[in-house]
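The UniProt record's numbering puts the first residue of the sequence shown at 1, with every later residue one more than the last. Just below is one structure, and these are the notes that go with it.
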Amino acid sequence: MIEILTAAELDRARETGALVGTILQAMKERATVGVNLLDIDRWTKQMIEDAGAVSCYVDYAPSFGRGPFGHYICTAVNDAVLHGLPHDYALRDGDLLTLDLAVTLRGISADAAISFVVGETQAPEDLAMIDATQRALAAGIAAARPNARIGDISRAIGTVLRTAGYPINLEFGGHGIGSTMHQDPHIANDGRPGRGYILRPGLLLAIEPWVMADTDELVTDDDGWTLRSATGARTAHTEHTIAITEKGAEILTLPRA
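In structure tokens form, the structure reads like this:
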């Protein structure tokens, strides 16, 4: 399913996106050394409920997971990169943490992710990997404009990641979003320009470059959800939900000022 939102629905999408960005920023500020991942999940739940929103994750049960997910935010640490299931783990100095969040507010969903290093020990290779995903996201957003194609976004993302020297996994990537979290079209993190769905004003897309330092192969934890690098290498993941407008792409998941 691909949805094209009305002007009124886009206004609601802006509210949802701002909520997602604000919660992620709050959780980043709280994610200090010694904080437990289950506390981050609990704080996220409280902020979602206080806003009158609904988690996209609690009842999420796709074919690839061991569902339902049962938590409010994805917390992926170090070699984990996607679908990190919150568990009893206290953050340590130098941990590379990815927080991925999707909520629905007033019938419209938004999805975003951030990666950052916890504490004072900031390894240059971790910061470089995070920076590469952020630059790839910016390139993908810049390519997202009316009458462009999904392949243009994919190629823009892939060019940045490949130039930075990272292998690219094409199994998981970005996606359409709207009244539900995951919709068509799929947005691979590399591809051929001029191919795929033609972008139209009113379309919402969640664009999400992610990489693993030295592999494109994933393995799944015994929890049935958390995806890790097959080599134990560190990982990074950055995501925004955007709206295609007549003027180009509007980022929806920035925190409120």
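We put the beta carbon where it would ideally sit given N, CA and C, even for glycine.
Taking C-beta separations shorter than 6 Å and ignoring five residues to either side along the sequence, the partners of residue 41 in its chain run 71, 72, 73, 86, following chain order.
Contact between residue 99 and residue 19 does not hold, since their C-beta atoms are separated by about 14 Å, which reaches or exceeds 8 Å. A check of alpha carbon separations from residue 221 across 214, 95, 232 identifies 232 as the nearest. Selection 16, 89, 152 evaluated against residue 53 yields 16 as nearest (Cα-Cα). Cβ-Cβ separation between residue 33 and residue 118: approximately 6 Å, consistent with a contact (criterion under 8 Å). When secondary structure is reduced to three states using DSSP, residue 52 falls in the coil class, being assigned neither helix nor strand. DSSP places residue 4 in the coil class of the three-state scheme, outside both helix and strand.
Only residues of its own chain outside the window of five on either side were considered, and among them 187, 205, 206, 207, 208 have a CB closer than 7 Å to the CB of residue 174, listed in chain order. Here DSSP, grouped into helix, strand and coil, assigns residue 210 to strand.
Rounded to the nearest angstrom, the gap between the Cα atoms of residue 255 and residue 177 is 19 Å.
Under the DSSP definition of a beta bridge, residue 248 partners with 245. Counting the other Cβ atoms within 10 Å of the Cβ of residue 170 gives fewer than 16, which makes it exposed. Relative to residue 101, the option among 245, 257, 240 whose CA is nearest is 240. A check of alpha carbon separations from residue 26 across 45, 11, 14 identifies 45 as the nearest.
Going by beta carbons, residue 156 and residue 142 fall inside the 8 Å limit. Residue 233 carries a coil assignment under DSSP once its states are collapsed to helix, strand and coil. Secondary structure at residue 81: strand, using DSSP grouped into helix, strand and coil.
By the beta-carbon neighbour count (other beta carbons within 10 angstroms, threshold 16), residue 160 is buried.
Residue nearest to residue 82 within the set 91, 225, 93, 12 is 225 (criterion: CA-CA distance).
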